[in-house]
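Here's the structure we're looking at; comments come further down.
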Amino acid sequence: MALNNSRKIEAPSQVIILEAAGIYKSYVNQTGAKAEAQATTVLENIQLQIHDGEFVAILGPSGSGKSTLLRILSGLIPSSRGEIRYHGETVSGPNPHVAIVFQTFALFPWLTVLENVELGLESQPEISKTQRMKKSLNAIDLIGLDGFEDAYPKELSGGMRQRVGFARALVVEPEILFMDEPFSALDVLTAGNLRTELMRLWRERKIPTKSIVMVTHNIEESVLMADKIVVMGHDPGRVRAVLSGIAIQERGKKNPESEALIDLVYTIITQPDEDADEIIAARMKKSGPAQKSPVKTSRSYQFLPHIQISTLNGLAELIARRGGKEDLSVLGRELQMEIDDLLPLVEAFEILGFGEATEGDLILTAEGQRLAEGNELEDKEIFREQALQYVELIRLIKQTLDKDPRRETEEDAILSKLQEYFTEDEARRQLDTAVSWGRYAELFAYDNESGLLYLEDTAATQEG
Ligand code: ADP
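The opening position of the sequence shown corresponds to residue 5 in our numbering, with each subsequent residue numbered one higher.
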């Protein structure tokens, strides 16, 4: 089939298809020892417009409400406040013009590929059996599964099963295609292939939808695929920045504009407490590092990222080998880490004063340099100093133990303090993390069975 090249690359139009206006979502949960009902705000005041012809990526760390937002936009779940407008009209309930591709697809094992795809049209009884089959075969063909119509799911690779998922969504010819982390369950090569193919179909307007909205936590994926990148942050889930993507013909891994955008997004995401607009403005003015805002949006209690503390040694060594500074996107790629893994690592690195993330780089501090050069014993000593200086919860535990005549405390005393700030589950996780860091630094000991925190003789005598 001859392609009409003039239609290949089109900028999105100004026509708004779907819009979120002031969307809030909260869940009421029973939490804490007193089991008081407490509302958690998952989404706060979301404004978002999806235009005709636009590929929108919703990007953010896990827990920032991306999936919740996608479900609210599709009408699968209601918002707590605010409106969803479809072509300007307020709507509620599932939007029949939207189809969703999920991370993994529940295919019926006893149905063939064709039958699984036909299921997509089940809710449209007006379509005749012959039509249903014809449309399904077209979708199967489009998505590159030609020849596998009669295969059963168990005969297919993960990548092919995901293609069936795409075919099932596309067969209904939705006006908007939603994708919730559609590539993240696939291996790197398969994901790359499927991404490239999907982009080709989209660019050549072979996909019968007007817009695509994709939830992802992969920065490069968002920059390589989207016309608009919505960067979300958490606590509460909110839109931190809306960035224009690179023109579709300019996108590419080696393209300097793409590189610069990847770098900018890394900078925003790795500085969750900074104002994204300030970071962007500083970048535009090329005026050096973003000015740290004097008033940080402070959490009421310092949040510890849940990482194995020993992994920080490796990170310090890697940056030291690069001369004390490395690009975060390079680190992410080299360590094969997506932001959900990289972000907590960088946060812990910063909390402990080993490095600073600015302008998309991670820069070692003098302590970070010492950590990179130290042997195992010296490293523990450095951790001990840094943890006592900078980690609120470790300081609290140490002070509580120092004050106690028997140099011990029940963990419940610490947990109940944490539950003033965190949900019961998160308080538990915070304590577990602090305990593992504190044990590594040999600051205190912990008995798993009794939940007792105590100073060991060596730890007790160190103080003085
Ligand atoms: P993301 O897709 O960015 O990882 P989600 O939208 O899945 O984030 O979740 C955002 C937050 O909302 C999380 O903290 C999650 O625990 C919470 N959440 C999601 N669904 C529910 C629910 N049904 N009840 C209570 N909390 C929920």
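Backbone N, C-alpha and C define an ideal beta-carbon position, used for all residues, glycine too.
So, for residue i: in the same chain, excluding its five sequence neighbours on each side, which residues have a beta-carbon less than 7 Å away from its beta-carbon?
i	result
Lys70	Ile62, Gly64, Val219 and Met236
Ala195	Phe187
Leu319	Leu349 and Phe353
Ser83	Ile27, Tyr28, Lys29 and Ile76
Ile398	Ala391, Leu392, Ala438, Trp441, Gly442 and Leu447
Leu111	Asn120, Pro157, Arg165 and Val168
Glu467	In this prediction, Glu467 has a pLDDT of 45, which is less than 50 and means its spatial position is unreliable; nothing more can be read from the coordinates.
Val19	His55 and Asp56
Using a Cβ-Cβ cutoff of less than 8 Å, which residues in the same chain neighbour residue i once the five nearest sequence positions on both sides are dropped?
i	result
Thr301	Caution is warranted here: a pLDDT of 36 is assigned to Thr301, below 50, making its placement in the model unreliable, and no coordinate value can be reported.
Gly455	Glu414, Glu415 and Asp416
Ala324	Leu368, Gly372, Gln373, Ala376 and Glu377
Glu179	Ile21, His101, Val102, Thr213, Lys214 and Ser215
Gly478	No information on residue 478 is available, as it lies outside the stretch 5 to 468 that the chain covers here.
Phe109	Arg165, Gln166, Val168, Gly169 and Arg172
Thr72	Lys29, Val46, Leu47, Ile81 and Gly241
Could you tell me if the beta carbon of residue i falls within a distance shorter than 8 Å of some heavy atom in the ligand ADP?
i	result
Asn222	no
Met236	yes
Pro65	yes
Leu73	yes
Val68	First, the amino acid is wrong: residue 68 is Ser here, not Val. Yes, the Cβ of Ser68 comes within 8 Å of a heavy atom of the ligand ADP.
Gly92	no
Val46	yes
Val175	no
Gly241	yes
Val219	yes
Name the two residues that bound the continuous beta strand (DSSP E) containing residue i.
i	result
Tyr450	Ala449 to Asp451
Val175	Neither: Val175 is in no beta strand (DSSP E) and is coded neither H nor E.
Arg410	Premise fails: Arg410 is in no beta strand (DSSP E) and is neither H nor E.
Arg359	For clarity, residue 359 is Gly in the given sequence; the question names Arg instead. From DSSP, the beta strand (DSSP E) with Gly359 extends over Gly359 to Thr362.
Glu87	Arg85 to Tyr90
Tyr458	Leu456 to Tyr458
Arg242	Arg242 to Ser248
Ile62	Phe59 to Leu63
Just to check, is the beta-carbon of residue i closer than 8 Å to a non-hydrogen atom of the ligand NAP?
i	result
Tyr31	Of the ligands one can find in the structure shown, namely the ligand ADP, none is the ligand NAP.
With respect to the alpha helix (DSSP H) encompassing residue i, which residues constitute its N-terminal and C-terminal limits?
i	result
Leu198	Val192 to Arg207
Ala285	Ala280 to Lys289
Ile401	Glu396 to Lys407
Val234	Per DSSP, Val234 belongs to no alpha helix (DSSP H); it is in the beta strand (DSSP E), Lys232 to Gly237.
Phe353	Ile343 to Ile355
Arg443	Glu428 to Tyr444
Thr315	Thr315 to Arg325
Asp145	Lys133 to Leu146
Lys329	No alpha helix (DSSP H) contains Lys329, which is instead part of the beta strand (DSSP E) from Lys329 to Asp331.
Leu471	The structure shown does not extend to residue 471, since the chain is modelled only from 5 through 468, so no value can be given for it.
Ser215	That residue, Ser215, is in no alpha helix (DSSP H); its beta strand (DSSP E) goes Ser215 to Thr220.
Val102	Careful: Val102 lies outside any alpha helix (DSSP H), inside the beta strand (DSSP E) at Val102 to Val105.
Glu93	Note, Glu93: premise wrong, no alpha helix (DSSP H); beta strand (DSSP E) at Glu93 to Val95.
Ile180	From DSSP, Ile180 is part of no alpha helix (DSSP H) but of the beta strand (DSSP E) over Ile180 to Asp184.
Lys257	Neither: Lys257 is in no alpha helix (DSSP H) and is coded neither H nor E.
Val121	Val117 to Glu122
Val227	Ile223 to Met229
Asp150	Where Asp150 is concerned, there is no enclosing alpha helix (DSSP H), given that its DSSP letter is neither H nor E.
Thr417	The question names Thr, but residue 417 is Ala in the sequence shown. Segment Glu415 to Leu422, the alpha helix (DSSP H) holding Ala417.
Does the beta carbon of residue i sit closer than 9 Å to a beta carbon anywhere in chain D?
i	result
Tyr270	The displayed structure is made up of one protein chain only, and chain D is not part of it.
Which residues in the same chain as residue i place their Cβ atom closer than 6 Å to its Cβ, once the five residues preceding and following it in sequence are excluded?
i	result
Ile311	Pro348, Leu349 and Ala352
Glu23	Gln53 and Arg89
Leu332	Tyr270, Thr274, Gly364 and Leu366
Glu261	Ile250 and Glu254
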